[in-house]
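Enquirer: Right, I'll just put the structure down here and ask away after.
Residue numbers (our numbering): 2 to 220.
Written out as structure tokens, the structure is:
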């Protein structure tokens, strides 16, 4: 089954003349995309508003069913790089069921394809769920539990959480209020806390290795 996906093509230097060339190459493939300013997302989920080539005019704005997306874009990038050999074509793709990926093409090849992860959004979810816990019903220390679907371990002065192959440290001012930014006077700056932090990280690391072995590790 094929699904409609939104495809938004952009360049690092936002050069309109280069975008016009890519648009003409798409037209040769009988793909009628439009040039307009849009917001795309980078690998870390940070927004970027730039001139883009978009298939917003397909299926009432829901995108295009592009059966040979990678093959077609490789062919387009090969033609494009004959004129601009150093440039990379980037495509932000969002499927109708909400998956987001960032593709990069250069000289006729797909050079990267990575999932877009909105790290700050996911961190906010973890902090929000942690902060719902009250001191009367505390979460266990030094035990890996899933918080907002992310493996998380609490220690005496904060927590570590694993999101998209990255580990983030969450800071706690009073043992149950969690946030991602350091504040002046935060207890985490106390060097006496380092053994607690090392212990928590090791426990999380061992848990992640075990999840990988059993196939239960997901980004």
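All C-beta atoms in this analysis are idealised placements derived from N, C-alpha and C, irrespective of residue type, glycine included. In this text, all values refer to a predicted model and were calculated from it rather than measured experimentally.
1. Let me know if residue 138 comes out buried or exposed under the rule of 16 or more other beta-carbons within 10 Å of its beta-carbon.
2. Out of 210, 215, 156, 56, which one is the CA nearest neighbour of residue 94?
3. With residue 110 and residue 75 assumed to form a contact (beta carbons below 8 Å), what rounded beta-carbon distance in angstroms separates them?
4. Among the residues of its own chain, which have a CB less than 7 Å from the CB of residue 170, if the five just before and after it don't count?
5. Residues bridged to residue 151 by DSSP?
6. Using the Cα positions of residue 131 and residue 123, report the straight-line distance between them to the nearest angstrom.
7. Answer yes or no: do residue 117 and residue 103 have a C-beta to C-beta separation smaller than 7 Å?
8. Taking DSSP as the reference, what is the three-state secondary structure of residue 33?
9. Using alpha carbons as the reference points, say which of 71, 108, 44 lies closest to residue 83.
Expert: The short version:
1. exposed
2. 56
3. 6 Å
4. 159, 161
5. Beta-bridge pairing links residue 151 to 148.
6. 12 Å
7. yes
8. coil
9. When each option's Cα is compared against that of residue 83, the closest is 108.
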